[in-house]
Amino acid sequence: MRTMQDIAEALSAMKFRKKVFGGVDEADVWKKLEQLQQTYQLVYDEQAAYYQALLDERDQALSRLMARKSGGDAHG
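Numbering (the numbering used here), first residue to last: 495 to 570.
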């Protein structure tokens with residue numbers, strides 16, 4: 495799973511092409527920003543899926559407990 499640390503490392507490693515007469519190549523900057531946005535989206539999607547799986551697991555555990563409790567009350 496990707497993390498925010500991966501994004502920080504990508505930012506640290508990011509280099510921009512320079513223009514002949516100062517500054518940076520604007521097209522290169524936009525390309526790098528697009529790549530960064532895609533990385534952010536991947537991290538977000540992976541983390542959202544992870545937390546959704548945790549919530550689903552919790553919901554299933556609660557359902558099992560409720561079913562046991564309901565079944566236990568009927569016998570006792």
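Even for Gly, the Cβ is constructed at its ideal location relative to N, Cα and C.
When DSSP states are grouped into helix, strand and coil, K513 belongs to the coil group. When C-beta atoms of the region 528–540 are compared with those of the region 499–509, three or more pairs fall below 8 Å, so the two segments count as touching. Take V537, set aside five residues on each side of it, and the residues of its chain with a beta-carbon closer than 8 Å to its own are R496, T497, M498, D500, I501, in chain order. Where D500 is concerned, the enclosing alpha helix (DSSP H) starts and stops at 498–507.
The beta carbon of Y544 sits closer than 8 Å to the beta carbons of M495 from its chain, once the five residues preceding and following it are set aside; these are given in chain order.
When DSSP reads this structure, V518 sits in a beta bridge with K512.
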